Amino acid sequence: MEFDFSDIEGWSREVALRDGAVLLLRAERPEDLEPLWEMYSTLSEDSLSTLTDRYTHDLIERWFRNLDFERILPILAFPTDEPTRVVAHTTLHFSTDEATRHKAMYGVAVHDDYQDRGLGTLLTRLNIEIVGLKGLSKVYLHVLTSNVRGIHVYEKCGFEKEGLLRREHWHYLLQDYVDEYRMSILL
Ligand SMILES: CC(C)(COP(=O)(O)OP(=O)(O)OC[C@H]1O[C@@H](n2cnc3c(N)ncnc32)[C@H](O)[C@@H]1OP(=O)(O)O)[C@@H](O)C(=O)NCCC(=O)NCCS
-11 MEFDFSDIEG
-1 WSREVALRDG
9 AVLLLRAERP
19 EDLEPLWEMY
29 STLSEDSLST
39 LTDRYTHDLI
49 ERWFRNLDFE
59 RILPILAFPT
69 DEPTRVVAHT
79 TLHFSTDEAT
89 RHKAMYGVAV
99 HDDYQDRGLG
109 TLLTRLNIEI
119 VGLKGLSKVY
129 LHVLTSNVRG
139 IHVYEKCGFE
149 KEGLLRREHW
159 HYLLQDYVDE
169 YRMSILL
């Protein structure tokens, strides 16, 4: 189904991965809090090391407090054979400021069980499509310089590195400061 800004709650899309797995993509709903927590709380240490947030139940609860698709558009992926399980989460952050409303910030996490199966690429392309449909002209993201898989996926989808952010975050798991690239795609 073509993404439709006038009916985000009603939008969904079924997608097939190259290994045949079928997933339903749709916008987040209030009842997805626990399934989303289940996804983040079962990520491997390797995956958590590539993400800068410390995922707690409290943090995820806060995400659900004021669902407002004009501000943040979260999309979730559910395998059709496990329809209550969330295996990927993407977000687009939009701005209303005159100076920054032409762009959106993108984030993605795919559960370990579904990594390297084409889902991250598919979701990144979908989110670029959505930003284009909203009439915006730039998508940007931050990625740790050590996240070679993430950088590979983003470059494959057309993102380019636009800057190196040195010692940008303290990483609670790595117990060290991490560098990030800022990457973007102009539409
Ligand atoms: C990064 C992430 C979103 C990518 O999603 P994914 O579903 O695993 O990605 P895909 O299967 O679509 O593509 C993976 C690509 O990376 C390649 N790849 C895998 N491991 C790699 C590595 N160590 N170095 C370089 N490329 C690698 C795969 O070959 C594949 O490329 P190809 O399709 O050109 O062959 C996902 O792995 C993830 O969520 N990881 C943990 C959290 C994270 O890093 N989030 C992003 C934070 S910015």
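Going by my numbering, the first residue of the sequence shown is number -11, and it counts up by one from there.
A virtual CB, placed ideally from N, CA and C, is assigned to each residue, including glycine.
Being a predicted model, the structure only gives us computed values, none of them experimental.
query, result
"For the alpha helix (DSSP H) containing residue 112, list its first residue and its last residue.", "107 to 121"
"Does the region 150 to 170 come close enough to the region 39 to 49 that 3 or more CB-CB pairs lie under 8 Å?", "yes"
"Could you tell me which of 153, 140, 165 and 147 sits nearest to residue 171, measuring between CA atoms?", "147"
"I'd like the span of the alpha helix (DSSP H) that includes residue 27, first residue to last.", "21 to 29"
"Looking at residue 65: is its Cβ nearer than 7 Å to the Cβ of residue 11?", "yes"
"By the DSSP assignment, the alpha helix (DSSP H) with residue 53 in it spans what residues?", "45 to 53"
"Among the candidates 86, 79 and 141, whose CA atom is the shortest distance from the CA of residue 104?", "141"
"Please classify residue 164: is it buried, with 16 or more other beta-carbons within 10 angstroms of its beta-carbon, or exposed?", "exposed"
"Considering only residues of the same chain and omitting the five flanking positions on each side of residue 48, which have a CB-CB separation below 7 Å?", "21, 24, 25 and 28"
"Indicate, with yes or no, if ligand 1 has a heavy atom lying under 6 Å from the CB of residue 104.", "yes"
"Given the structure, does residue 32 come close to ligand 1, in the sense that its CB is under 6 Å from one of the ligand's heavy atoms?", "no"
"Using a Cβ-Cβ cut-off of 6 Å (strictly less than) and excluding sequence neighbours within five positions of residue 74, which residues of its own chain qualify?", "23, 24, 27 and 64"
"Tell me which same chain residues have a C-beta within less than 7 Å of the C-beta of residue 106, skipping the five on either side of it?", "5 and 6"
"Return the CA-CA distance between residue 224 and residue 167, expressed in angstroms with no decimal places.", "Any property of residue 224 remains undetermined from this structure, which presents the chain solely from -11 to 175."
"Using the three-state DSSP reduction, which class does residue 102 fall into: helix, strand or coil?", "helix"
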